[in-house]
Ligand SMILES: [Mg+2]
């Protein structure tokens, strides 16, 4: 399911009708684009959708940030775990009363989608990355969970690489709550679970799609579980294949190369 050679990987990218690609470690590192990312985005054009366990931003805010660093991907082609969790809940449950542990950006998006963000008697506890959450907010969520309120988490990542070291992620909150309430289990929307992949496929068959990612436990394992082809890339050329190796030349570029040869 994952080819070894770069030519085979490019053939897979060329053949795919939908290319799912992770963002951090594939297209960007920190706030900067990875070498070859802009050429890759250009070369695959509207076959590309970005699929990330990011539960801090919305598609609108991240699309703007990406376009400012030369990676223009419209917000309709960004599938981010936090925002997609809200959209999934809205589609499946209507607009439940939720206790939402999240950034202000995600809270504003939830309010915009019509959710009642009540801390009292919620129908559901929803966990996203929440770097500014206070312990008392997490304790309140724990109290609701112990009372039997179901919980859902946007993504399972414990950390992601931050500007000064590991940044604590949603998965760490899930572990914290699990340590306080043994036996706790909750559904997760982000990778490697299937929900986010299915939302990004938007009806395109698994056999016509490929997942590109730098994390073998979320990106690659999740794609494999669904039977989807996948390609592992690294943020750094020293460790192996990068996104630059997946740039597919256009027909015009190919014709030019053949003429030169
Ligand atoms: Mg990544």
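Numbering (this note's numbering), first residue to last: 1007 to 1267. Virtual Cβ for every residue (Gly too), placed ideally from N, Cα, C.
query                                                                                                      : result
For residue 1085, the first and last residue of its enclosing beta strand (DSSP E)                         : 1084-1086
Residue 1173 versus residue 1225 - alpha carbon distance                                                   : 19 Å
Environment of residue 1049 [buried if 16+ CB atoms lie within 10 Å]                                       : buried
Sequence-distant residues of its chain with Cβ nearer than 6 Å to residue 1162 (five each side left out)   : 1177 and 1194
Whole alpha helix (DSSP H) elements within the segment 1218-1260, 4-residue minimum                        : 1227-1232
Inter-stretch contact at 8 Å, needing at least 3 Cβ pairs: the segment 1091-1105 / the segment 1070-1083   : no
Cα-Cα separation, residue 1035 to residue 1254                                                             : 22 Å
Rounded straight-line distance, which links the Cα of residue 1166 to that of residue 1016                 : 28 Å
Sufficient close CB pairs (3 or more, under 8 Å) joining the segment 1242-1256 to the segment 1055-1067    : no
Which listed residue (1219, 1229, 1235 and 1234) has its alpha carbon closest to that of residue 1032      : 1219
Top-ranked residue by Cα proximity to residue 1005, from 1084, 1121, 1062 and 1045                         : No statement about residue 1005 is possible, as the shown extent of the chain runs from 1007 to 1267 and does not include it.
Residue 1201, DSSP secondary structure in three states                                                     : helix
Three CB pairs or more closer than 8 Å across the segment 1116-1134 and the segment 1100-1108              : yes
Candidates 1171, 1198, 1242 and 1244: closest to residue 1233 by CA position                               : 1198
Neighbourhood of residue 1222 by C-beta, 7 Å cutoff - its chain only, sequence neighbours within 5 removed : 1238
Cβ neighbour criterion (16 or more within 10 Å) applied to residue 1053                                    : buried
Proximity of residue 1160 and residue 1088 at Cβ, strictly below 8 Å                                       : yes
Proximity of residue 1061 and residue 1135 at Cβ, strictly below 8 Å                                       : yes
Enclosing alpha helix (DSSP H) for residue 1149 [first to last residue]                                    : 1141-1152
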